[in-house]
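Visitor:
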């Protein structure tokens, strides 16, 4: 045989053998197989995986094979057999990884993904730094906690780093980035393309050097506690596609001028402190699909160039300060899927641009001033799932074409001026989950049986229309009426509690206030939604009691209980039964006929903000049981028959803003220690048996925020206690001219974000005629010390109360002169010094009181001429009665030549003889409609309920994913 031929055959077969060897996958190394099995044995099954075994359970099990390269989640190098990838995402692993874990012996790993497991609050070990070949590290959503280890900074080959979403059950961040800080962690990671640290507690500014990561494509830093000014250079990173920075309220900045070649696909800055205008160059972002600037401080107009973003699918600008018109160029964005523009200051807002958006599934335009009728073009949105048009000025009737929205799940039209009946076509909206029609002018009859057609309906709100809702005998548990989470039937002309509620077991909010429900609360209600009920409002009805008493109310998670303004009588068992309601935030049992004593537990509620027992027949003492750390802000025990002393334990309630104990039989000295409550704004003790001198304060720090004080109709004596208030910030002049009103705001979250708001108002009675002022501006201040036994002179320091608007010291035994310093009380509108023993002239300095409208100095010993001109021209005789020495108009007695009338050029005016100021509060119950009345004087309580919008006042807590 030819030697050359033999040589060629040898070479051929050698090459063939080498090729075959290279084409077959290498098996895993035994040492790494052993390391994997040790790693497997260190974990148990995650209890949250509903019994599913861990992903690693199949390793080396029967049928799993001996070659670890074939095991689930394992990737090996074809050339060497080394393990280069381990992906156990969502693998139901439960346990911890310590620094000696066999995992860190897999030194050839390039990819390590352990996301979505439960490592039970363990720390990320420093040994992670031994895996120096890693290019991808994903430890997200795996319940790691503690400091991010510095060893990660040594993984210089990383292109993908995800440590996001490690949170506890309350979504609080578990990981923190403090030491190392930003710079030390990322400085060496120059190859990073993706950095995801959302929900890591960073709590610092974003460093400029992030702009040096030229390969960066994805930056996710949501809910990190970021602060300071965001570096604009980061917007211009050449490869950046996703910039995700939501829920960092301390992070400020402005949008830059955008380049034509920008790669940005997503900008998400929601709930930040970013401000300024959207630049017109935003139109250069031709790749942008997501623009979310919601709940920030942006302003100015929305530029028409936004119409150039033809790939845009989401536009969210809600809760900002945008002005001008909504640009008509939005109709060019035919790829839009979600548009949220709610709660801005747009002008002449219309729906004309909506007609061409046939891909829209979500449209939020609440609170932007939309007017007119629902245009037929809106009917083209046949794919719409959520249509939110609440709190606008829409008029007309609900159109029948709404029935075309067969995919609609959310429909909000609350707070408009819509009229007419609910059209029959509503029955076609079979996918509805929530329907909010409250606060309109809808009329007609609604039968609850119509909602049998909506199997998915969980939230229904019809409150405050002209509707009559009929409970047409839906009482069978076999009826397919939906299971409600929220049901609002307030002001719906109900005469009984709907019987179908007996079979509702998941209601969280039940609003039945302002109906004409009579009789007793049925005993079956004690079993209704025992675990789920959070807000229960039966106020403003004609209920008299309960069919069956309970030792404790069953709703263990109840936040709000409002049974005010009924006829609940002395046998009503709610006083002791409330003691087990440990979650209460607001409790209102006011304006009933309840007797009995207050249970000791009323001071033990750790979460209670609002407590109102006003206008009942309660007797006994106020329990001295208020605990340290109490959150109480509002207490009203007025108009009862309570006796004894003011409980000293109220000093533990450092958040108290309002205390009203008026119209009782309390017997005590002045509770001077109340002056140390730092937030107290209103103190009402009128019409009790308080007595004794009010000594001068030891310091100038008492009552730092006080704005309204009423101690009238008691037996206080000694000098006027004005020194307590002369240093109060609450009595200072406020130059804010905006129409802001005094309120108490309470909010809380469960499956909804719920809020209550209390506005204080007043009734002024002048000569028997009452005038109601529905709201009192935040700047209003008042002191009423009338009908006591105060004596001595009015101190000159009264002139220091420059911001005071109403002062009543009538019906005392004050002597001396009216101090000229009263002319410094520049904001004074009402002054009553009547029924005292004051003498001397009316000071000419009072002419400087330009706002004075009510003036009464009757029944004193004053003398001399009455100032003329300006406001004094409108004061009638009765304001000066009982002062024999006064002369001049409007009195018939003329002054002699030696007493010329004062020039009217600098004088002021006044009005009133016998007047009375009566305080009250009006609750705007956003959400629950809990009514809390705050009374000062003879209280007349009015009530109005409103609801917050779905987005931030009355909505489900925001959930988000990267």
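Numbering (mature numbering (1 follows the signal peptide of the UniProt record, and there is no 0)), first residue to last: -25 to -1, 1 to 937.
All C-beta atoms, glycine included, are put in the ideal place defined by N, C-alpha and C.
Could you check which residue in 848, 758, 341 has the C-alpha nearest to that of residue 319?
Guide: Selected option, being the one with the closest Cα: 341.
Visitor: What alpha helix (DSSP H) runs, 4 residues minimum, are completely inside the region 101 to 183?
Guide: Taking only runs of at least 4 residues, the alpha helix (DSSP H) segments lying wholly in the region 101 to 183 are 157 to 161.
Visitor: Of all the options 512, 110, 551, 225, which has the alpha carbon lying nearest to the alpha carbon of residue 527?
Guide: The shortest Cα separation from residue 527 among 512, 110, 551, 225 belongs to 551.
Visitor: Please classify residue 7 as buried or exposed, where buried requires at least 16 other C-beta atoms within 10 Å of its C-beta.
Guide: Looking at its Cβ environment, which holds 16 or more other Cβ atoms inside 10 Å, residue 7 is buried.
Visitor: Rounded C-beta distance between residue 794 and residue 774? I'm assuming under 8 Å.
Guide: 7 Å
Visitor: Along the alpha helix (DSSP H) that carries residue 828, what are the first and last residues, could you check?
Guide: Here residue 828 belongs to no alpha helix (DSSP H), and DSSP marks it neither H nor E.
Visitor: Would residue 237 and residue 262 qualify as a contact pair, given that the criterion is a beta-carbon distance under 9 Å?
Guide: yes
Visitor: Return the bridge partner residues of residue 531 from the DSSP annotation.
Guide: According to DSSP, residue 531 bridges with nothing at all.
Visitor: Three or more beta-carbon pairs under 8 Å between the region 796 to 805 and the region 852 to 869, yes or no?
Guide: Taking a contact to require three or more Cβ pairs closer than 8 Å, the region 796 to 805 and the region 852 to 869 do not qualify as touching.
Visitor: Unbroken beta strand (DSSP E) runs of length 3 or more, entirely within the region 566 to 598: which are they?
Guide: 585 to 587
Visitor: Whole angstroms are fine: how far does the CA of residue 371 sit from the CA of residue 763?
Guide: Spanning the two alpha carbons is a distance of roughly 57 Å.
Visitor: Indicate whether residue 193 and residue 171 have their beta-carbon atoms separated by less than 9 Å.
Guide: yes
Visitor: In terms of residues, what are the limits of the beta strand (DSSP E) holding residue 10?
Guide: From DSSP, residue 10 is part of no beta strand (DSSP E) but of the alpha helix (DSSP H) over 5 to 16.
Visitor: Based on Cα-Cα distance, which residue from 665, 121, 657, 173 lies nearest to residue 137?
Guide: When only C-alpha atoms are compared, the closest one is 173.
Visitor: Can you give, in chain order, each stretch of the beta strand (DSSP E) that sits fully within the region 187 to 252 and has at least 3 residues?
Guide: 193 to 195, 202 to 204, 217 to 219, 223 to 228, 241 to 243, 247 to 251
Visitor: Assuming residue 820 and residue 791 make a contact with CB atoms under 8 Å, what is their CB distance in whole Å?
Guide: The pair is not a contact, with the Cβ atoms about 16 Å apart (cut-off 8 Å).
Visitor: If you follow the beta strand (DSSP E) that residue 321 is part of, which residue opens it and which one closes it?
Guide: It is not in any beta strand (DSSP E) - residue 321 carries neither H nor E in the DSSP assignment.
Visitor: Note down the Cα distance separating residue 139 from residue 199, rounded to an integer number of angstroms.
Guide: 10 Å
Visitor: What did DSSP end up calling residue 393 once you bin it into helix, strand or coil?
Guide: coil
Visitor: Would you kindly report the start and end of the unbroken beta strand (DSSP E) that includes residue 781?
Guide: 781 to 783
Visitor: Flag this pair as yes or no: are the beta carbons of residue 190 and residue 214 separated by less than 9 Å?
Guide: Contact: yes.
Visitor: Thinking just about the alpha-carbon of each residue, which of 630, 642, 606 is nearest to the one in residue 622?
Guide: Nearest of 630, 642, 606 to residue 622, Cα basis: 642.
Visitor: Of the choices 858, 246, 822, whose alpha-carbon is the least far from that of residue 835?
Guide: Measuring from the Cα of residue 835, the nearest candidate turns out to be 858.
Visitor: Buried or exposed: which applies to residue 25, given that a residue is buried once 16 or more other Cβ atoms fall within 10 Å of its Cβ?
Guide: exposed
Visitor: Within a Cβ cutoff of 6 Å, which residues of the same chain sit near residue 243, ignoring the five residues on either side of it in sequence?
Guide: Excluding sequence neighbours, residue 243 sits near 219, 221, 267.
Visitor: As a quick exercise: from 841, 826, 825, pick the residue whose alpha carbon is nearest that of residue 832.
Guide: 841
Visitor: Measuring straight from C-alpha to C-alpha, what distance separates residue 410 and residue 432?
Guide: Residue 410 and residue 432 have their C-alpha atoms spaced approximately 8 Å apart.
Visitor: Determine the DSSP secondary structure at residue 899, reduced to helix, strand or coil.
Guide: Note that residue 899 scores 42 on pLDDT, short of 50, meaning its location in the model is unreliable and no value can be drawn from it.
Visitor: On the premise that residue 683 lies in contact with residue 656, defined as a C-beta separation below 8 Å, what is that separation, rounded to the nearest angstrom?
Guide: 7 Å
Visitor: Taking the alpha carbon of residue 115 as the reference point, which residue from 180, 446, 60, 195 has its own alpha carbon closest?
Guide: 195
Visitor: Cβ of residue 325 less than 9 Å from any chain D Cβ?
Guide: The structure shown contains no chain D, having only a single protein chain.
Visitor: Ordered along the chain, which non-local residues of its own chain (more than five positions away) have a Cβ less than 8 Å from that of residue 700?
Guide: 678, 681, 684, 706, 758, 776
Visitor: Does residue 53 pass the burial test, meaning 16 or more other C-beta atoms within 10 Å, or should it be called exposed?
Guide: Residue burial annotation: residue 53 is exposed, with fewer than 16 other C-beta atoms found within 10 angstroms of its C-beta.
Visitor: Which class does residue 679 belong to by DSSP, given the choice of helix, strand or coil?
Guide: coil
Visitor: Confirm, please, whether the CB-CB distance from residue 616 to residue 592 is below 9 Å.
Guide: Pairing residue 592 with residue 616 gives a Cβ-Cβ distance under 9 Å.
Visitor: Considering only residues of the same chain and omitting the five flanking positions on each side of residue 124, which have a CB-CB separation below 8 Å?
Guide: 98, 99, 100, 101, 103, 104
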